[in-house]
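Novice: The listed protein sequences derive, respectively, from chains A and B. Take the first sequence: its position 312, counting from 1, is numbered 1446 in the numbering used here, and each next residue is one higher. Take the second sequence: its position 107, counting from 1, is numbered 1241 in the numbering used here, and each next residue is one higher. C-beta atoms are modelled at their ideal positions from N, C-alpha and C, and glycine is treated no differently. Note that the coordinates shown come from a computational prediction; the quantities given were computed from them, not determined experimentally. Mind looking over this structure? Questions follow.
There are 2 protein chains.
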Amino acid sequence: MVAAKRPTIRDVAEAAGVSKSLAALVFSTEGGVSPDRREKVLEAAKKLGYTPNQWARSLRSGSGSFVGILLNDLHNPLLIQIADLTRKILLERGQQSFISAAVITEKNGKRIVDPSSIHSLLDLRPKALVIVGGLPDLKPFKQIPDTIPVIVASSQASSLPNATIVRADDHEALRLLVRHLIELGHSKIAYVGPTDSENSIARRDAYLSSMEFFGLGDLAVTQLADRFEDRGYAAAKLLLQGANPPTAIVAFNDNIAFGVQSAVQELVAAGRNPVAVTGFDNTFVAELGMVSLTSIEQEKEAIAMKIAEILTTPDGVEDYRGQEIKLMPRLIARKSTFRI
Amino acid sequence: MVAAKRPTIRDVAEAAGVSKSLAALVFSTEGGVSPDRREKVLEAAKKLGYTPNQWARSLRSGSGSFVGILLNDLHNPLLIQIADLTRKILLERGQQSFISAAVITEKNGKRIVDPSSIHSLLDLRPKALVIVGGLPDLKPFKQIPDTIPVIVASSQASSLPNATIVRADDHEALRLLVRHLIELGHSKIAYVGPTDSENSIARRDAYLSSMEFFGLGDLAVTQLADRFEDRGYAAAKLLLQGANPPTAIVAFNDNIAFGVQSAVQELVAAGRNPVAVTGFDNTFVAELGMVSLTSIEQEKEAIAMKIAEILTTPDGVEDYRGQEIKLMPRLIARKSTFRI
DNA sequence: GTGAAAGCGCTAACAG
DNA sequence: CTGTTAGCGCTTTCAC
Chain A
1135 MVAAKRPTIR
1145 DVAEAAGVSK
1155 SLAALVFSTE
1165 GGVSPDRREK
1175 VLEAAKKLGY
1185 TPNQWARSLR
1195 SGSGSFVGIL
1205 LNDLHNPLLI
1215 QIADLTRKIL
1225 LERGQQSFIS
1235 AAVITEKNGK
1245 RIVDPSSIHS
1255 LLDLRPKALV
1265 IVGGLPDLKP
1275 FKQIPDTIPV
1285 IVASSQASSL
1295 PNATIVRADD
1305 HEALRLLVRH
1315 LIELGHSKIA
1325 YVGPTDSENS
1335 IARRDAYLSS
1345 MEFFGLGDLA
1355 VTQLADRFED
1365 RGYAAAKLLL
1375 QGANPPTAIV
1385 AFNDNIAFGV
1395 QSAVQELVAA
1405 GRNPVAVTGF
1415 DNTFVAELGM
1425 VSLTSIEQEK
1435 EAIAMKIAEI
1445 LTTPDGVEDY
1455 RGQEIKLMPR
1465 LIARKSTFRI
Chain B
1135 MVAAKRPTIR
1145 DVAEAAGVSK
1155 SLAALVFSTE
1165 GGVSPDRREK
1175 VLEAAKKLGY
1185 TPNQWARSLR
1195 SGSGSFVGIL
1205 LNDLHNPLLI
1215 QIADLTRKIL
1225 LERGQQSFIS
1235 AAVITEKNGK
1245 RIVDPSSIHS
1255 LLDLRPKALV
1265 IVGGLPDLKP
1275 FKQIPDTIPV
1285 IVASSQASSL
1295 PNATIVRADD
1305 HEALRLLVRH
1315 LIELGHSKIA
1325 YVGPTDSENS
1335 IARRDAYLSS
1345 MEFFGLGDLA
1355 VTQLADRFED
1365 RGYAAAKLLL
1375 QGANPPTAIV
1385 AFNDNIAFGV
1395 QSAVQELVAA
1405 GRNPVAVTGF
1415 DNTFVAELGM
1425 VSLTSIEQEK
1435 EAIAMKIAEI
1445 LTTPDGVEDY
1455 RGQEIKLMPR
1465 LIARKSTFRI
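This is how it looks when you write it as structure tokens:
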């Protein structure tokens, strides 16, 4: 709260005794200005605390020099970590980025999209856009002009045919989970999760085909649950109180798994045998000693690194346009899974 | 990915057969345009999918019509919730907002401030700025010009004398916690937390004065711990393995409390008596059945509501300038605290 | 190498 | 009520 107003290029030019355009040249090009004048301008800029207004810049030049990052769910620690890592790597490589969120999550977990914030970010004219995480429906992003490349992280995006997709291989992840449980002696392995999006349907299908793959197709059971803890809790109760209950439950994500864990914990307190539980995303909560949830690490660093690489390589965005990059997931075993 | 380019006011004007300025008038004022022409313009706008570019608008008019929200830690669920709630209420009241983050949190928890993103948001010329959450040092925000009002949520901000502060009353919160534990029969109540910021020092002091207030001043013990789970774990180990260990531990926040809980859990597994644990912030993790942590609810909705009220009331920002608004916190008792 | 002038998309102060 | 004009902060021809 100090300067009444940011200094403009004009202020700098005046202080340096040159024209506005010359001062501008100093900040936008390498050469073209005589060393002594360049020096003078930089000095004046420093004294005044001048930084170019990048928005005015992108307004004039049609496209800015920054990458826009759009976070689709502030409440999902996985997405936050991917976004933060991406930002950090880009920063290290000298690539400016600007992060924003288009989605407001309500207390009940309903996500409302604010289309004007998508507009707003686009109006800033990013040179590329990174969309982190999925939505039940990615249609709001169809308004993105073809001229700006899009990278989608950790989600499918069939409605965005030109986008580059970087995400973990769900089929491989589910195979890891099912195999892990089988190795621990389980066979009655159930699945709990939503089917409200491309992502969630694909993951459930991956569960089914993994069960099939390991010869357990007949034992496959799926139970619907929205992506929140209490829904996982309810779904698990349903499964475990039914006839022929599973000995292991694979949850769509960590959040749902936490609910499943609560349900299991209650039943154990009532004298029942424990049930193995697995999550997905390996959020920081899964790691907590009190929770200790076996989960799937989506290799957030690798995802972030890949995104940064695409964005900072010449022609990177061109080369990967429309492609889907699947990264190997990793299983993190914790106390929630055990030998039967 | 459809339109090659966003339509401008010119395109609309042309399509409607009027001048650019007349078309502009339709979007910026209520009256001043004849009904039939207004109709024509709106129709053309709809057909072309035109939306005003608000950044060009704020560039020209010196100040935009939106409120900037700056999130200081994407990894703190409390701050996210406050930000999201604020956004939602503002949206309902027709007040545009634009959210961004100036801080990148590294894996080890270190927070690095990207000053250029503060610049960037300021260059957008928000009509007001909401800073959600604190930092070890709020100095990077000193660059905010006096002309734009600042509201700080859930943090102190003595370095920003003109800012309005909306936060929970820490003294009251600590009084609630200590009293709760005393009522459960505890007296050896220790405190674990950092002292790396105004906030954290104030909270520790609030603990000390609460202990004093209840006549337990001689039993007060504080143990330093950075704001991360593993630091809480280590600090708790230290406390509990020392001579005359506490029967209850008050943690600076939920995150640290989770670590404390892990340490307690381990000792219980080894045959020791359980120790009561309390957190602060009532994040969604505290609520999980596996965790069930007694915590302090900062009344996020009340905070968000107050912020929205200040921002949407005429002269609201003026009336509250430089003031600190303390809201009553609420204790949420869960299984982590019990009768001794 | 340097400066003048035009213009990004918009608004605000004018004149018709 | 309508249209013209100038200009936000910047870049980018284009002459000098």
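Within 10 angstroms of the Cβ of Gly1151/B, are there 16 or more other Cβ atoms? Answer buried if so, exposed if not.
Specialist: Burial call: exposed.
Novice: Where do the ends of the beta strand (DSSP E) carrying Ala1391/B lie?
Specialist: Run containing Ala1391/B: none in the beta strand (DSSP E); it sits in the alpha helix (DSSP H), Asp1388 to Ala1403.
Novice: For chain B, is any of its Cβ atoms less than 7 Å away from the one on Ser1234/A?
Specialist: Closer than 7 Å: yes.
Novice: Quick check: what's the CA-CA separation for Ser1168/B versus Ala1158/B?
Specialist: Answer to the nearest angstrom: the Cα atoms are 13 Å apart.
Novice: Using a Cβ cut-off of 7 Å (strictly closer), state whether Ser1470/B contacts chain A.
Specialist: By this cut-off, Ser1470/B is not an interface position.
Novice: Assuming Val1355/B and Pro1380/B are in contact, meaning their beta carbons sit under 8 Å apart, how far apart are those beta carbons, in whole angstroms?
Specialist: Contact flag correct, Cβ pair sits at about 6 Å.
Novice: Using a Cβ distance threshold of 8 Å, determine whether the segment 1232–1239 of chain A contacts the segment 1203–1213 of chain A, with at least three qualifying pairs required.
Specialist: With the cut-off at 8 Å, the segment 1232–1239 of chain A and the segment 1203–1213 of chain A touch.
Novice: So, is the C-beta of Gln1290/A closer than 7 Å to a C-beta in chain B?
Specialist: By this cut-off, Gln1290/A is not an interface position.
Novice: Report the residues of the segment 1365–1394 of chain A with a CB closer than 8 Å to any CB of chain B, ordered along the chain.
Specialist: Hits within the stretch, in order: Tyr1367, Phe1392 and Gly1393.
Novice: If you measure from the beta carbon of Met1424/A to each beta carbon in chain B, is any gap under 7 Å?
Specialist: Yes, Met1424/A counts as interfacial toward chain B.
Novice: In chain B, what lies closer than 8 Å to Val1146/A by C-beta?
Specialist: Those do not exist, as Val1146/A stays about 15 Å from chain B at its closest Cβ, beyond 8 Å.
Novice: Just mark Thr1281/B as buried or exposed, buried being the case when its beta carbon has 16 or more other beta carbons within 10 Å.
Specialist: Thr1281/B is exposed by the Cβ-count criterion.
Novice: State the CB to CB distance for the pair Glu1400/B and Asn1416/B, rounded to an integer number of angstroms; the pair is presumed to be in contact (CB under 8 Å).
Specialist: The pair is not a contact, with the Cβ atoms about 25 Å apart (cut-off 8 Å).
Novice: For chain B, is any of its Cβ atoms less than 7 Å away from the one on Asp1218/A?
Specialist: Interface residue, yes.
Novice: Would the beta-carbon of Phe1392/B fall within 7 Å of that of Leu1422/A?
Specialist: Cβ atoms of Phe1392/B and Leu1422/A: closer than 7 Å.
Novice: So, for Ala1291/B: in the same chain, excluding its five sequence neighbours on each side, which residues have a beta-carbon less than 6 Å away from its beta-carbon?
Specialist: For Ala1291/B, where only same-chain residues beyond five positions count, the Cβ hits under 6 Å are Leu1272, Ala1297 and Ile1299.
Novice: By DSSP, does Gln1357/A sit in helix, in strand, or in coil?
Specialist: Of the three classes helix, strand and coil, the one that applies to Gln1357/A here is strand, per DSSP.
Novice: Between the Cα of Ala1262/A and those of Leu1373/A, Leu1308/A and Ala1442/A, spot the shortest distance and give me the residue it belongs to.
Specialist: It is Ala1442/A.
Novice: Would Met1462/B be called buried (16 or more neighbouring beta carbons within 10 Å of its own) or exposed?
Specialist: By the neighbour-count rule (16 or more Cβ atoms within 10 Å), Met1462/B is not buried but exposed.
Novice: Quick test of your reading: Ile1203/A and Val1266/A, contact by CB under 8 Å. State the CB separation rounded to the nearest angstrom.
Specialist: Their Cβ separation, rounded to whole angstroms, is 7 Å, which keeps Ile1203/A and Val1266/A in contact under 8 Å.
Novice: Count the other C-beta atoms from every protein chain shown that fall within 10 angstroms of the C-beta of Glu1363/A, then say buried if there are 16 or more, exposed otherwise.
Specialist: Per the 10 Å Cβ criterion, buried.
Novice: Are the C-beta of Leu1212/A and some C-beta of chain B separated by less than 7 Å?
Specialist: No, no contact with chain B.
Novice: State yes or no: is the beta carbon of Leu1208/B nearer than 7 Å to at least one beta carbon in chain A?
Specialist: Interface residue, yes.
Novice: Pull up the CB-CB distance for Ala1287/B and Arg1309/B, whole angstroms please, since I reckon it's below 8 Å.
Specialist: With a Cβ gap of about 22 Å, Ala1287/B and Arg1309/B do not count as contacting.
Novice: By the DSSP assignment, the beta strand (DSSP E) with Arg1406/B in it spans what residues?
Specialist: Segment: none, Arg1406/B is in no beta strand (DSSP E) and carries neither H nor E.
Novice: On the three-pair Cβ rule with 8 Å, is the segment 1161–1178 of chain A touching the segment 1223–1235 of chain A?
Specialist: Output reads no: the segment 1223–1235 of chain A does not touch the segment 1161–1178 of chain A.
Novice: Counting pairs of beta carbons, one from the segment 1183–1191 of chain A and one from the segment 1140–1147 of chain A, are three or more of them closer than 8 Å?
Specialist: As far as the Cβ criterion goes, the segment 1183–1191 of chain A touches the segment 1140–1147 of chain A, which means the pair count is three or higher.
Novice: May I have the straight-line CA-CA distance separating Ile1390/B from Tyr1325/B, to the nearest angstrom?
Specialist: Each residue's alpha carbon lies about 11 Å from the other.
Novice: Can you give me the Cβ contacts of Ile1466/B inside the same chain, cut-off strictly under 7 Å, excluding the 5 residues immediately before and after it?
Specialist: Cβ neighbours of Ile1466/B beyond the five flanking positions: Asn1416, Thr1428, Ser1429 and Glu1431.
Novice: I'd like to know if Arg1301/A contacts chain B, where contact means its C-beta is closer than 7 Å to some C-beta of that chain.
Specialist: No, its Cβ sits nowhere closer than 7 Å to a Cβ of chain B.
Novice: Who are the Cβ neighbours of Val1136/A in its own chain at under 7 Å, not counting the five residues just before and after it?
Specialist: With a pLDDT of only 49 at Val1136/A, under the threshold of 50, the placement of this residue in the model should not be trusted, and no figure is reported.
Novice: I'd like to know whether the C-beta of Arg1172/B is nearer than 7 Å to at least one C-beta of chain A.
Specialist: So, not an interface residue.
Novice: Suppose you measure from the CA of Gly1413/B to the CA of Ala1420/B; what does that come to, to the nearest Å?
Specialist: Computed Cα separation, rounded: 8 Å.
Novice: Determine, for Met1135/B, whether the minimum Cβ-Cβ distance to residues of chain A falls below 7 Å.
Specialist: Because the pLDDT at Met1135/B is just 45, under 50, the model does not fix this residue reliably, and the point stays unresolved.
Novice: Go ahead and pull the three-state DSSP assignment for Arg1473/A.
Specialist: In the structure shown, Arg1473/A sits in coil (DSSP, three-state: anything other than H, G, I, E or B).
Novice: State the CB to CB distance for the pair Gly1198/B and Arg1259/B, rounded to an integer number of angstroms; the pair is presumed to be in contact (CB under 8 Å).
Specialist: Going by Cβ atoms, the distance from Gly1198/B to Arg1259/B rounds to 5 Å, so yes, they are a contact pair.
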